[in-house]
Amino acid sequence: MKKYYQTQDTTIRYYAEWKRGEKHLTDEEQRQYVINATTWQALLQLEADILNVRKGMNKRSPTRGLANDLLSHVQSFNDTLPPSRKHNLPASLPRFKEALKAFKMNGLFSVIKDPHGKGKQNARKVDERVLMVLQGLFVGQKHKPTPTEIYQQYEAFLSGYVQIFNEETGELFEPKEFPKLSESTVTSYLMNWENKIASYKLRSGNRQTYKGTFIPHGQMELPKFAGSLLSIDDRQPPFWYEKEKRLWFYIGLDVASDCITCFVYGKTKEGIILEFYRQLIRNYHDWGVELPYELECESSLNSSFTETFLQEGYMFQSVRMEANNAQGKIIERRFGHLRNNIEKKANGWIARPHAKSESNQAGKGKTEIIPYKELVQARLADLEDWNNQPSRQDKNQSRWEYFLNHQKSDLPKTNYRAILPHLGYKQTTSCQRGFISLQGKKRAIADKGKILTGDALIEKMKQIEGKEFDVFWLDDNEGNVLKAIVYQNGRYVCEVQEMPKFQRAKAEQTEQDMLNKALQDAYTMTVIRFAERQSKAIESIGIVSVAPKPKRLFQIKGLKRYEAENEENEVEILGDFDEINEDDQHYMYNSSTGTEHVPQWKQRFNRQTTAV
């Protein structure tokens with residue numbers, strides 16, 4: 001046997017990877033199965049050699065007594081092995097024959113005892129039906145019973161004091177069909193992870209606590225470039241402005257820099273979310289940076305915008321909403337730092353009721369109430385201090401400096417056309433003489449950031465001149481119009497821009513004034529020349545009445561009627577504007593400001609007053 005005995009790597013791997021149910025074999029089981037399987041493999045080689053020898057001796061029945069001889073070899077070989085290497089193959093001949101036959105048929109599999117774990121399942125008192133009843137009692141009651149209470153109710157059920165039924169099917173369970181269980185058994189099954197994760201999901205009233213206990217969270221690296229990801233959420237700083245009343249803030253944090261880039265606040269959450277997104281646009285426009293690429297937010301306040309400006313590609317290229325999942329938003333962790341590292345030092349700070357760290361637990365004394373205006377200023381100062389602290393990425397720069405200096409370079413331009421119809425203020429107005437009235441000013445027609453002239457201007461005027469339409473606009477941090485667009489019958493038409501002015505006094509005109517004047521001239525001349533082209537296209541059409549003259553039976557004798565003599569005059573047709581002489585051009589369009597005529601007007605005015 002010894003010369004045939006050789007442990008193979010495939011045998012070791014087979015038992016290392018085998019699972020009984022969902023569990024691997026124990027190390028002790030693997031060790032013993034490898035020894036037994038290796039012994040069987042050696043025995044098969046020995047059997048083959050013995051048969052060859054017997055056949056060479058021309059024995060009539062070479063297999064007679066072979067099993068008995070093999071059993072003797074196995075037992076004598078086992079006596080030579082150390083205790084840690086001994087096999088436990090069957091010692092009785094019938095069982096030995098049965099095991100040898102099984103190994104020849106099924107190989108390594110035949111060595112495993114209860115390979116699928118059915119023997120253990122059959123021995124269990126708590127089968128699936130019993131477990132269904134225990135868990136149903138555990139989660140189906142108005143209060144949250146303990147495992148001990150469930151054991152007591154189960155005992156009462158077995159004793160006939162209470163009845164248990166399936167609410168869905170109406171099945172009434174029979175006590176005699178259920179086994180008697182100990183309190184420890186009931187507790188053990190109810191508190192097993194695979195049972196507890198299901199029952200606690202139904203019993204839990206706090207989704208955050210449940211997820212923090214059972215659900216694994218993602219492990220991700222933080223971005224390096226500002227503008228890659230914006231994390232937003234609402235919070236109530238731990239201070240009272242009246243007894244048990246706290247401020248509401250909605251805050252946005254650039255994840256790469258940890259810089260707070262947007263915040264709005266109020267006494268309630270009503271309307272605060274829309275104003276937050278408007279303020280975000282104002283801030284990023286004011287700083288000369290593009291809106292972030294991606295947004296992570298909670299769903300409670302934001303889910304209503306998923307079909308409008310929070311569609312991917314509108315305000316942000318990617319939007320990830322977390323349904324009541326604090327671990328899913330990085331800003332939640334930064335709120336903890338803000339609370340415990342900055343706000344805790346301020347007067348009136350309110351500790352969490354069950355803070356783990358002793359330093360974050362409530363101290364002695366009553367909670368101080370801070371007046372509303374004072375509280376707002378103090379909390380804004382906290383945000384200012386936060387942004388001026390050293391950046392996590394580079395200790396030599398503040399969070400604010402890192403945000404400005406490490407912007408992602410390829411962020412898309414802000415898509416105002418997609419977001420203003422949902423976030424902008426709406427005003428119904430009209431276009432008269434090429435100018436759109438908005439916020440008390442007459443503004444020019446524009447598109448793609450430029451005031452239009454030429455055919456592009458005429459095409460827009462054909463749509464809106466003399467008509468009413470809606471303008472969606474947003475103001476900047478100074479109250480001026482940041483961006484405005486025209487919508488008519490649910491369709492985008494154009495942008496609205498303030499026409500740049502030029503200095504009336506020639507003595508004070510700069511190069512920029514001349515450029516502004518040239519733009520205004522081009523804007524006006526576009527309309528004038530269009531009018532010329534349109535008027536030239538009109539054909540001269542005559543009209544002759546062919547209706548029969550009415551009979552005039554009544555007449556006054558001697559009456560003479562006046563009849564005008566028709567004189568034919570030749571009508572002068574003007575050519576193109578550039579071909580008209582200088583004097584005629586002056587009357588058709590005078591591009592001057594009129595200041596050159598001031599001296600003559602003053603002289604005439606003085607003569608008239610003297611005469612009076």
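1 is the number of the first residue of the sequence shown in full-length UniProt numbering; add one for each residue after it. We put the beta carbon where it would ideally sit given N, CA and C, even for glycine. Note that this is a predicted model, so its numbers are computed, not measured.
| Asked | Found |
| --- | --- |
| Residue nearest to V319 in terms of C-alpha spacing, selected from P179, R333, L295, T169 | L295 |
| Residues of its chain near F157, where Cβ-Cβ distance is below 7 Å and the 5 sequence neighbours each way are ignored | I164, P175 |
| Helix, strand or coil at K220 [DSSP, three-state] | Looking at the sequence provided, one finds Met at residue 220 rather than Lys. Coil at M220, not helix or strand. |
| Same chain, Cβ closer than 7 Å to H285, neighbours up to 5 away in sequence not counted | D476, L482 |
| Proximity below 8 Å, CB of F263 to CB of F249 | yes |
| Sequence-distant residues of the same chain with beta carbon closer than 7 Å to P237, five excluded per side | R246, L247, F249, E343, R379 |
| Backbone secondary structure at S300 - three-state DSSP | helix |
| Candidates D258, E322, T268, of which the one nearest Y241 by Cα | T268 |
| Short Cβ contact (8 Å threshold) for G424 with W473 | yes |
| Residue interval of the beta strand (DSSP E) (run including L559) | Careful: L559 lies outside any beta strand (DSSP E) and carries neither H nor E. |
| Identity of the residues DSSP links to residue 613 by a beta bridge | Since the first residue shown for the chain is 1 and the last is 612, residue 613 is missing from the structure and cannot be characterised. |
| C-beta atoms of S257 and Q152 nearer than 8 Å | no |
| Supposed close pair K243, I369 - CB separation, criterion 8 Å | 6 Å |
| Nearest candidate by alpha-carbon position, reference R31, set A226, Q8, P500 | Q8 |
| Environment of D254 [buried if 16+ CB atoms lie within 10 Å] | buried |
| For W349, the three-state DSSP class (helix, strand or coil) | coil |
| Under the three-state DSSP convention, the category V139 falls into | helix |
| For T428, the residue or residues it bridges with in DSSP | D470 |
| For E596, the three-state DSSP class (helix, strand or coil) | The pLDDT assigned to E596 is 44, lower than 50, so where the model puts this residue is not dependable, and the model offers no usable value. |
| Under 8 Å between C-beta atoms of W400 and N415 | no |
| Cβ pair count under 8 Å reaching 3, the stretch 134 to 148 against the stretch 179 to 187 | yes |
| Beta-carbon proximity check, L457 vs T526, cutoff 8 Å | yes |
| Pick from G336, Y372, E168 that is closest to Y265, judged by C-alpha positions | Y372 |
| Reduced DSSP secondary structure (H/G/I, E/B, other) of K602 | Its pLDDT being 44, under 50, K602 is placed unreliably by the model, and the measurement read from it follows with that caveat. The answer is helix: DSSP assigns K602 an H, G or I state. |
| 3-residue-minimum beta strand (DSSP E) runs that sit fully inside the stretch 501 to 567, ordered along the chain | none |
| Sequence-distant residues of its chain with Cβ nearer than 6 Å to C431 (five each side left out) | I464, E465 |
| For Q279, the three-state DSSP class (helix, strand or coil) | helix |
| Beta-carbon proximity check, L108 vs A37, cutoff 8 Å | yes |
| V496 - containing beta strand (DSSP E), residue span | 491 to 497 |
| Spatial neighbours of Y314 in its chain, beta-carbon cut-off 7 Å, leaving aside the 5 residues before and after | N415, A418, I419 |
| Whether Q407 touches G227 by CB criterion (8 Å) | yes |
| Contact under 8 Å by Cβ, D69 with I50 | yes |
| Separation of Y154 from L134, as counted between CA atoms | 8 Å |
| Complete runs of the beta strand (DSSP E) confined to the stretch 401 to 461 [at least 3 residues] | 425 to 432, 435 to 438, 441 to 447 |
| Residue from R20, R333, N58, E495 with nearest C-alpha to L452 | E495 |
| DSSP state of R20 mapped onto helix, strand, coil | strand |
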